[in-house]
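Asker:
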Amino acid sequence: MLAGLVIVAGVFCGLLNANLTTLAIEVSSHGRSVASGAFNSLRFIGGAFAPITAGYLGQQYGATVPYLLGALVVASGFIVLLIRFGFRGLRLTESTHQTSHLKSAR
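Just so we're on the same page, this note's numbering is the position in the sequence shown counted from 1, plus 11.
1. Work out the CA separation of Val-22 and Ser-40 for me, nearest whole Å.
2. Pull up the distance between the alpha-carbon of Leu-68 and that of Glu-37, whole angstroms please.
3. Does DSSP put Ser-47 in a helix, a strand or coil?
4. Going along the chain, which residues of its own chain have a beta-carbon closer than 6 Å to the beta-carbon of Ala-65, five neighbours each way excluded?
5. Check whether the Cβ atoms of Ala-20 and Ala-35 lie closer than 9 Å to each other.
6. Out of Thr-33, Leu-26, Pro-62, which has the shortest C-alpha to C-alpha gap to Asn-51?
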């Protein structure tokens, strides 16, 4: 049962990873290689510091604090996206998608 749940969770994590990477590269105003490099650097740096920080916060302040901090970071990121792109900018239509690629090609 546990092995099956791990596999199912891995499928969902893999799909989410692929979609978020594609989204981050598509919304960037920079070239694909620059956007991909910046996105991966940010992910790997966060992946290096997150376990250390979560362990420290959990020991010092309680087990719920790392989760609250994670929720705060996600909410902050969503607010930044709304400020940057607005509600309409979060929905990329095919015409805006093609227009953004034409602008970056110039």
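Built from N, CA and C at the ideal position, the CB exists for glycine as well.
Just so we're clear, the structure is a prediction, and the values are computed from it rather than from any experiment.
Answerer: Working from what's here:
1. One Cα belongs to Ser-40, the other to Val-22, and the distance between them is close to 30 Å.
2. When the Cα atoms are used, Leu-68 and Glu-37 turn out to be separated by approximately 35 Å.
3. Per DSSP, reduced to three states, the secondary structure at Ser-47 is helical.
4. The beta carbon of Ala-65 lies closer than 6 Å to those of Pro-77 in the same chain, with the five residues before and after it left out.
5. No, the pair does not count as a contact, with Cβ atoms beyond the cut-off.
6. Of the candidates Thr-33, Leu-26, Pro-62, the one whose C-alpha sits nearest the C-alpha of Asn-51 is Thr-33.
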